[in-house]
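Structure, as structure tokens:
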């Protein structure tokens with residue numbers, strides 16, 4: 001197939017890493033690896049673009065330029081990734097109609113509460129229009145699929161299990177030894193966590209966990225907390241760590257995704273609250289490397305772990321429950337080993353994108369063949 005690919009929320013060349021960017025890149029790379037020709041239709045980022053008249057005018061020029069790219073490429077279909085009220089697809093529907101090609105969306109999101117909010121009202125209607133123009137919508141979150149069913153016929157919807165490419169996240173004993181030397185680990189078990197230090201729920205979750213783990217320090221439970229990530233809230237988090245977990249925390253800084261398996265190999269368990277986490281790629285990566293997980297039972301996290309077998313999920317902000325599960329894993333190596341092995345198996349059986357995206361590819365091809 002000849003596919004035009006477009007990510008209105010965050011283009012593939014965006015500098016800030018995120019789960020959305022990982023999924024978009026994974027989709028693109030999978031299609032290329034399968035032998036399809038994929039054209040990046042546009043790099044126009046539409047996040048809140050409708051609130052800025054000057055930026056909004058750029059859409060007309062971009063539509064003209066993108067139209068020329070399509071004319072030269074002769075695509076079989078258009079695929080947009082992650083369309084919602086903040087970043088509606090303002091190019092795909094019109095261009096697909098102009099060139100008479102199928103319009104497909106992966107991870108379209110529909111939320112009616114935005115039409116009641118002044119800031120998001122325009123985006124809500126623009127996004128709803130795009131969603132309703134689509135010939136096919138794919139979702140990797142069940143709650144998003146349920147919301148789409150309110151405005152989209154079921155035959156146009158497909159659920160694709162979220163996942164990763166597991167071969168990129170395998171436990172490595174040699175790297176574990178290197179990490180332990182670098183972190184100066186003696187006998188104490190290692191808790192890993194990873195997030196961008198943005199002034200939002202990511203930092204809120206890290207701060208909450210740092211404060212909560214102080215309960216275990218008071219009970220003389222040995223552990224080291226290793227935090228991967230960076231961002232504007234770094235100094236705030238370092239200050240909190242020094243205050244609540246003195247000499248217990250190491251900040252590694254940002255780690256390139258291709259090197260994260262080394263980081264995971266050095267740990268004994270992975271913990272991150274994941275406040276309203278849409279999915280959380282780190283949970284899949286950690287499990288793939290054989291780590292049991294502790295997180296909040298909210299958002300999309302339950303879709304990617306096996307409760308009580310590969311992970312312990314607790315009621316959000318329940319310090320006692322959260323710390324109790326971490327303490328259990330810290331003090332029971334056998335339990336860690338059993339859950340870690342189950343976690344690695346769980347990812348490979350249920351969340352391997354090599355398998356999950358075959359369904360996605362098959363549906364795309366069925367639309368391309370209708371031309």
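Numbering (full-length UniProt numbering), first residue to last: 1 to 371.
For each residue, glycine too, the CB sits at the ideal point set by N, CA and C.
Check	Outcome
Selection from 260, 70 and 137 that minimises the alpha carbon distance to residue 100	70
C-alpha gap between residue 309 and residue 118, whole angstroms	44 Å
Exposure of residue 140, with buried meaning 16 or more beta-carbon neighbours within 10 Å	buried
4-residue-minimum alpha helix (DSSP H) runs that sit fully inside the region 120-165, ordered along the chain	142-148
Which of helix, strand or coil DSSP assigns to residue 183	helix
Where residue 14 falls: helix, strand or coil (DSSP)	coil
N-terminal and C-terminal residue of the beta strand (DSSP E) that residue 294 is part of	293-296
Three-state secondary structure (DSSP) of residue 208	helix
For residue 359, the three-state DSSP class (helix, strand or coil)	helix
Span of the beta strand (DSSP E), counted from its first residue to its last, around residue 252	249-253
Straight-line gap, residue 54 to residue 46 (C-alpha atoms, nearest Å)	12 Å
Contact under 8 Å by Cβ, residue 244 with residue 210	yes
DSSP state of residue 108 mapped onto helix, strand, coil	strand
Alpha helix (DSSP H) segment containing residue 224, residue limits	That residue, residue 224, is in no alpha helix (DSSP H); its beta strand (DSSP E) goes 224-228.
Nearest neighbour of residue 316, chosen from 359, 274, 259 and 180 [CA to CA]	274
Length of the line joining the Cα atoms of residue 59 and residue 52	11 Å
From 234, 77 and 95, residue whose alpha carbon lies closest to that of residue 106	77
Own chain residues within Cβ distance below 8 Å of residue 237, not counting five before or after	197, 203, 206, 207, 210, 227 and 251
First through last residue of the beta strand (DSSP E) which encompasses residue 42	37-42
Residue 370 in three-state terms, based on DSSP	coil
Spatially closest choice to residue 86 from 19, 63, 50 and 305, by CA coordinates	50
Option in 21, 146, 224 and 84 with minimal Cα separation from residue 121	84
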